[in-house]
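For reference, the structure discussed in these notes is given below.
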Amino acid sequence: MRGEIRKKERILSAEDTLNLIKNAEYGVLATINAKGQPCTTALNHVFVDGVFYFHCGLQGERLDNIALNPQVSLFIVGVADVEYDQFTTAFSSAVIHGAIQRVEDPDEKLRALTALVGRYSSEVIPEQVKKDFIAAGVNGVTILKLVPEHITGKGRLSRKRPCLVY
2 MRGEIRKKER
12 ILSAEDTLNL
22 IKNAEYGVLA
32 TINAKGQPCT
42 TALNHVFVDG
52 VFYFHCGLQG
62 ERLDNIALNP
72 QVSLFIVGVA
82 DVEYDQFTTA
92 FSSAVIHGAI
102 QRVEDPDEKL
112 RALTALVGRY
122 SSEVIPEQVK
132 KDFIAAGVNG
142 VTILKLVPEH
152 ITGKGRLSRK
162 RPCLVY
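Counting the sequence shown from 1 gives a position; the numbering used here is that position plus 1.
Rendered as structure tokens:
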């Protein structure tokens with residue numbers, strides 16, 4: 002089975018996995034290019050109504066790859082604390098597999114961009130400034146939507162990290 006975690010004691014609950022996904026600052030998107038080679042890109046995400054949204058430019062390798070093969074993998078790290086004296090790492094992560102597509106609907110694109118700006122901007126920035134920023138940039142970005150087909154969460158605690166902080 003795709004994405005099966007071998008060490009069952011490391012499987013995160015659905016709730017912990019969702020918290021990790023919602024609170025992690027970024028993820029790494031893996032696509033496949035025309036030569037069959039893997040390509041990865043770090044990017045910001047927002048998880049809304051069960052789907053992931055990302056923004057990117059109007060053209061580029063990521064978009065070329067997605068046009069050829071919409072199947073992608075998204076890797077998100079919640080915690081990664083190397084414990085040098087223990088020769089191990091306390092960690093939490095999630096892997097999402099699914100099909101990604103460009104958002105063409107103007108209303109959905111605006112909702113996704115608003116959610117991204119809301120998530121990654123300071124609370125002290127006035128709402129009108131955020132709205133103006135979105136209005137000025139909405140036509141200059143591509144919004145991508147990843148519909149998850151399979152999600153796994155994995156983690157390892159330690160004495161130094163008794164909980165998985167997201």
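Glycine included, C-beta positions come from ideal geometry on N, C-alpha and C.
Under the rule that 16 or more other beta-carbon atoms within 10 Å means buried, what is Gly28, buried or exposed? buried
Beta-carbon gap between Ile144 and His56 smaller than 8 Å: In this structure, Ile144 sits near His56, with a CB-CB distance shorter than 8 Å.
Alpha carbon to alpha carbon, what distance is there between Arg112 and Ser122? 15 Å
How many angstroms separate the CA atom of Val73 from the CA atom of Ala31? So the two alpha carbons sit approximately 6 Å from each other.
Report buried or exposed for Ile6, applying the criterion of at least 16 other Cβ atoms within 10 angstroms of its Cβ. exposed
Residue of Asp17, Pro107 and Cys40 minimising C-alpha distance to Leu75: Taking each of Asp17, Pro107 and Cys40 in turn and checking the Cα distance to Leu75, the smallest one comes out for Cys40.
On a Cα-Cα basis, can you pick out the residue from Glu109, Arg120 and Phe92 that is closest to Asn45? Answer by Cα proximity: Arg120.
Looking only at its own chain, which residues have a Cβ that is under 8 Å from the Cβ of Thr18, when we skip the five neighbours before and after it? Ala95, Ile152, Thr153 and Gly154
When the Cα of Gly79 is compared with those of Ala91, Asp65, Gly58 and Ala35, which residue comes out closest? Ala91
Selection from Asp133, Gly138 and Val49 that minimises the alpha carbon distance to Asn24: Val49
Report buried or exposed for Leu21, applying the criterion of at least 16 other Cβ atoms within 10 angstroms of its Cβ. buried
Using 8 Å as the threshold, is the C-beta distance between Ile135 and Leu158 below it? no
Pick from Val142, Ser93 and Lys131 that is closest to Leu13, judged by C-alpha positions: Ser93
Ordered along the chain, which non-local residues of its own chain (more than five positions away) have a Cβ less than 6 Å from that of Leu59? Thr143
Put Tyr54 into one of helix, strand or coil per three-state DSSP. strand
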